[in-house]
Amino acid sequence: MHSKNLLMACGPVQMDPKILKLGAEQVPYMRTSEFSAWASEINQGLQYLFQTQRPVFTVACSGTGVMQMAVDNICGPDDTALTFNTGVFGKRWGDIVRRTGIHVITEDMEPRHNVTPDILEAALKCYPDVSIVFLTYNETSTTALADVKGCAEIISRTNRLLVVDAVSALLVEPMQMDAWGVDVAITSSQKALALPPGLGFIAFSDKAWKRISNIPCRSLYFDAKAYECNCLRNFITVRRGRFR
Ligand SMILES: Cc1ncc(COP(=O)(O)O)c(C=O)c1O
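So for the sequence shown, the working numbering puts the first residue at 1; every next one is plus one.
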């Protein structure tokens with residue numbers, strides 16, 4: 001069935017038979033040192049994909065779930081967010097942030113266009129109070145790419161934060177989270193990672209983490225501080241050599 005119907009969309013993509021077989025195995029119990037070692041190894045692989053030294057959290061949710069997690073953790077009551085209507089997913093940033101009640105400025109874009117450093121600079125000139133900028137790296141609904149590296153260069157010179165939806169871009173387009181100065185990056189399992197849907201991945205820069213430490217997270221499920229504790233616990237378990 002799977003090999004006959006080759007779906008040439010950007011995701012969900014077809015999975016390797018090895019991955020399909022793994023899905024039929026028993027679920028491992030999470031309170032074991034073996035699980036900690038396994039989770040730490042996965043984290044290292046994800047750090048490589050995101051090109052970050054910071055932990056990358058694996059979250060049981062869709063891509064939209066990790067978009068929500070980004071917003072719930074970094075948006076404080078005094079923030080002003082800037083989002084761009086690049087298509088379905090750029091608009092989704094605005095829809096999620098608006099529900100927090102914080103001030104949101106949304107720039108409409110030309111159809112099938114995405115954000116360039118010039119567009120960003122012009123918007124920031126008009127709205128100097130913006131403290132968080134949200135981009136969609138590959139706007140899947142139009143395939144228009146944002147110049148994330150160029151935009152990060154502008155934002156990293158300021159106190160502002162840059163949040164990037166890389167759901168359909170990670171592993172396809174370059175991503176150098178730390179080197180470029182991206183503060184929050186998200187992706188999900190069902191696109192270029194070619195895994196079953198249902199896992200989201202999110203990483204925060206040191207700059208974003210300073211802010212997170214001072215803001216109570218809006219949601220219990222998506223509280224990044226709890227995920228950080230789990231990562232640390234797995235790491236310590238492995239370092240103590242409890243894994244055999
Ligand atoms: C760029 C982008 N962001 C977010 C999402 C939402 O992901 P999900 O459908 O897993 O919630 C998608 C899904 O296609 C996407 O392409």
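Beta carbons are placed, not taken as given, at the ideal position from N, Cα and C, and that holds for glycine.
Small disclaimer: the values here were computed from a predicted structure and weren't measured.
Alpha carbon to alpha carbon, how far is residue i from residue j?
i: N234; j: Y227; result: 11 Å
i: N85; j: T142; result: 12 Å
i: Y137; j: A39; result: 27 Å
i: S33; j: P55; result: 19 Å
i: A208; j: V163; result: 9 Å
i: F204; j: L6; result: 35 Å
i: D129; j: V238; result: 44 Å
i: T64; j: I74; result: 16 Å
i: K210; j: A185; result: 16 Å
i: G87; j: G200; result: 21 Å
i: S213; j: P12; result: 35 Å
i: G76; j: I154; result: 22 Å
i: T116; j: S219; result: 32 Å
i: S188; j: S62; result: 7 Å
Check whether the Cβ of residue i lies closer than 8 Å to any heavy atom of ligand 1, and answer yes or no.
i: P197; result: yes
i: F89; result: yes
i: Q190; result: yes
i: N138; result: yes
i: G63; result: yes
i: R92; result: yes
i: S168; result: yes
i: D165; result: yes
i: M109; result: no
i: C10; result: yes
Tell me, please, which residues DSSP counts as bridged to residue i.
i: I202; result: F57, I186
i: L20; result: Paired residue(s): none; L20 is not in a bridge.
i: E139; result: A144
i: H113; result: H113 pairs with nothing; no bridge assigned.
i: L161; result: I132
i: F84; result: E107
i: E173; result: L170
Please report the Cβ distance between residue i and residue j, rounded to the nearest whole angstrom; I am assuming they are in contact, meaning their Cβ atoms lie under 8 Å.
i: T80; j: I105; result: 7 Å
i: L82; j: Y127; result: 6 Å
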